[in-house]
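So the mapping is simple: our numbering equals the position in the sequence shown, first residue as 1, plus 52.
Backbone N, C-alpha and C define an ideal beta-carbon position, used for all residues, glycine too.
A short write-up of the structure that comes next.
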Amino acid sequence: MITDDYGRPVTSMRIQVNTTCNFKCFFCHMEGTGVHSEKMTPGEIERIVEIGHNMGVNSIKFTGGEPLMRNDIVDIVRRTRKHITGDISMTTNGFMLPVYAEKLKEAGLDRINISFHSLERESFQFITGTDSMDKVIEGIKAAKTAGIDPIKLNFVVLKEVNEDQIQRLVNLSALLGVRVQFIEYETTRENINSEDFQKYHVDLNPIEKEVIRSAVEVKHNILHNRPRYIVETENGYADVEFVKPMMNSDFCNHCTRIRVTSTGLLKPCLMRNDNYTDILREVRNGNSEERLINIYRKAVKGREPYWRENYEDSGEVLRTFQGYNGN
Ligand code: SAM
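Take a look at the structure:
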């Protein structure tokens, strides 16, 4: 297993299989850009997975764009399963799950995150630019029927847009028998003062405190090193997590992830666009395993915690940061 210069093992890979999406979420951070105009073929993705696996990766997450906009996505999952014995998961907007859920499960997909940012038609449309809430609910049910487990709903909390829906979403998740993950709206250091971020960002700490008060049990999510709260609702028990990457050095300290952009660049950190290494070019040139491993090592060398204990851009940022770490 390979560790970076900060002692963090790299055991998981997040692969962006495309940049195309049928939703237009206004807050979406596109996960990376690149130099090739073509996307990776299933065979090329398999080769990159194989290299990662040989270097200690044993869990893969597919993302996009929208991964289910690729009609070869089932083949990609099947090829990945040949190498990975650990978790294979996917983040999707759920729209195409009625078509793909069963095939994905059969190909080897273990778990799934379905973005579901509102349970009110109007705000769903405001956030995603589409009137597809019912279709996504159908997708959640299809994943359930296919036996994909766990299913997690990703809900980015947005000020005055959906922050009043938290309890209802917890109730709904218990009813559907799925987990829910409240995600803090994140941005880069440079965009902290942007109009959108200032307008919609919500500090999740007070919300998490409320949930802790009503939790009957606290479990530990080993994969992500964070608590999961079991909460009693009118529909039975719900399973709730909080994802708070913003200015959270603990989040970065426990990061085990290397990313691959849709154009085959290794990306050491979600928040940075300045330290890619091009592994696809090497794969396409048919270069040796040794050469590919060197490229991979170079990318791991580029990993640095983005949010650090001593991050201090301005007094205001530092105060917020301390708030995050002091609970
Ligand atoms: N299209 C897929 C989907 O909708 O899930 C996969 C790609 S999307 C970028 C992956 C996840 O990142 C989604 O749950 C999305 O809500 C989340 N995300 C995107 N931009 C974000 C941001 N600025 N802050 C927090 N989460 C974000």
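- Between L205 and F168, the C-beta gap is smaller than 7 Å, which places the two residues in contact.
- For L318, the enclosing beta strand (DSSP E) covers residues 317-319.
- Taking C-beta separations shorter than 8 Å and ignoring five residues to either side along the sequence, the partners of M121 in its chain run N70, T72, C73, N74, M148, following chain order.
- The beta carbon of A226 is closer than 7 Å to those of T285, N287, G288, Y289, A290 in its chain, skipping five residues each way along the sequence.
- For R311, the uninterrupted beta strand (DSSP E) run begins and ends at 309-312, by DSSP.
- If you look at L205, you'll find it in the beta strand (DSSP E) that goes 203-209.
- Relative to Y237, the option among G146, Y348, N300 whose CA is nearest is N300.
- No heavy atom of the ligand SAM is found nearer than 6 Å to the CB of G160.
- Residue environment for F234: buried (at least 16 other C-beta atoms within 10 angstroms of its C-beta).
- DSSP, reduced to helix, strand and coil, places I112 within a strand of the structure shown.
- Between the C-alpha atoms of N277 and R241 there is a straight-line separation of about 24 Å.
- Look at Y252: its beta carbon is at least 6 Å from all of the heavy atoms in the ligand SAM.
- The beta-bridge partner set that DSSP reports for H276 is empty.
- Exposed is the label assigned to Y58, since fewer than 16 other Cβ atoms lie within 10 Å of its Cβ.
- Burial is judged here by how many other beta carbons sit within 10 angstroms of a residue's own beta carbon; P61 has fewer than 16 and is exposed.
- Pairing C77 with I203 gives a Cβ-Cβ distance that is not under 7 Å.
- For Y289, there is no enclosing alpha helix (DSSP H); the enclosing beta strand (DSSP E) has its first and last residue at 288-295.
- Pairwise C-beta distances place the stretch 205-217 out of contact with the stretch 98-112, as fewer than three of them are shorter than 8 Å.
- A195 and D201 have their C-alpha atoms some 8 Å from each other.
- Excluding five sequence positions before and after Y348, the CB atoms of its chain that fall closer than 6 Å to its own CB belong to I103, M107, given in chain order.
- Close CB contacts of I54 within its chain, under the 6 Å cut and outside five residues either way in sequence, are with V62, M107, G108, V352 (chain order).
- Beta-bridge partners of P61 (DSSP): T55.
- Secondary structure note for I179: its alpha helix (DSSP H) is the uninterrupted segment 173-180.
- By the Cβ-count criterion, G117 is buried, with 16 or more other Cβ atoms from all chains shown falling within 10 Å of its own Cβ.
- Here K155 really is in contact with V126; their C-beta atoms are around 5 Å apart, less than 8 Å.
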